[in-house]
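The structure appears below as structure tokens.
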């Protein structure tokens, strides 16, 4: 019984350390695998500099959860991984989205990327090359068309963040803050036609009221037509920051006075 009590005590300490590490928020230095040299924990400025060094950036989009939710009815828009800065190349064939988590607005917490496949690229050749960089696939999270690399233990699919395309004209507003020269002088119809139709985004595997203390960095790829998408997330620290920010946003809109009726009675 004495040995059993010691084992339970040690396991409890490990669990408390794991929880406290996840609740500490984004680490103060880069960690985990990289996408194009970009790693979680970097400053947003450092990550953006890498993007602009490697991509001919012409289009830049921004979106912030705090700007989206102005009143109670806007809370329907509140979802994980909305606060981002997204960069698209001049030919619109490549893009990278960098995510922050207010109030840690200068800390990179996730990355999404899409890049076109080359003429001689195949799914097999790409996955083989990725294995050479990132090592063996995760034995339980990886799928045939969606390889995954992570040190999470077991079948913790809730730790994944699926990379995908999201339209720039959806019901979730996004600001176009950087455009090609002369773009703003064109009429609205031509602007809609020429602007990028989609950006790479992360589809979260958890809900607004959840935290993910048992997660660690997860890097995933997904083959979509002639493109391959990448996503790099760590739901552990991100979900804690997201909860804090969402709570503050809800308090702000819930404290607003209700509008008076529009009719007499």
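Numbering (my numbering), first residue to last: 311 to 575. We treat Cβ as the ideally placed atom computed from N, Cα and C, and that holds for glycine.
Would residue i be called buried (16 or more neighbouring beta carbons within 10 Å of its own) or exposed?
i, result
"residue 558", "exposed"
"residue 465", "exposed"
"residue 568", "exposed"
"residue 377", "exposed"
"residue 470", "buried"
"residue 383", "exposed"
"residue 455", "exposed"
"residue 494", "exposed"
"residue 555", "buried"
"residue 395", "buried"
My guess is that residue i and residue j are in contact by the Cβ rule of under 8 Å, so how many angstroms apart are they, rounded?
i, j, result
"residue 400", "residue 506", "Not quite, the Cβ-Cβ distance comes to about 10 Å (not below 8 Å), so this is no contact."
"residue 354", "residue 340", "Actually they do not touch by this definition, with Cβ atoms about 12 Å apart."
"residue 406", "residue 510", "7 Å"
"residue 518", "residue 388", "6 Å"
"residue 404", "residue 365", "6 Å"
"residue 536", "residue 426", "6 Å"
"residue 345", "residue 540", "5 Å"
Using CA coordinates, which residue listed in the options is at the minimum distance from residue i?
i, options, result
"residue 478", "550, 360, 365, 372", "372"
"residue 453", "366, 533, 564", "533"
"residue 451", "440, 349, 529", "529"
"residue 357", "408, 382, 497", "408"
"residue 562", "427, 414, 380, 429", "380"
"residue 385", "536, 364, 375, 448", "375"
"residue 448", "531, 499, 367", "531"
Next on the checklist: Quick check on the DSSP output: what are the complete alpha helix (DSSP H) runs of length 4 or more inside the region 371 to 436, in order along the chain?
Outcome noted: Qualifying alpha helix (DSSP H) stretches, in chain order: 375 to 378.
Next on the checklist: For the structure I just gave you, are there three or more beta carbon pairs, one from the region 448 to 467 and one from the region 517 to 529, closer than 8 Å?
Outcome noted: A contact is defined here as three or more CB-CB pairs under 8 Å, and the region 448 to 467 meets this definition with respect to the region 517 to 529.
Next on the checklist: At 3 residues or longer, what runs of the beta strand (DSSP E) sit wholly inside the region 491 to 524?
Outcome noted: Scanning the region 491 to 524 from its first residue to its last, the whole beta strand (DSSP E) runs of 3-plus residues come out as 508 to 514.
Checklist entry - Would you call the region 481 to 493 and the region 539 to 546 in contact, with 3 or more CB pairs under 8 Å? => result The region 481 to 493 vs the region 539 to 546: no contact.
Checklist entry - Is it true that the region 407 to 427 meets the region 546 to 555, where meeting means three or more beta-carbon pairs spaced less than 8 Å apart? => result Touching, yes, given that three or more Cβ pairs across the two stretches are closer than 8 Å.
Item to check | Minimum length 3: unbroken beta strand (DSSP E) runs contained in the region 528 to 555 | outcome: The region 528 to 555 contains these whole beta strand (DSSP E) runs: 528 to 534, 537 to 543.
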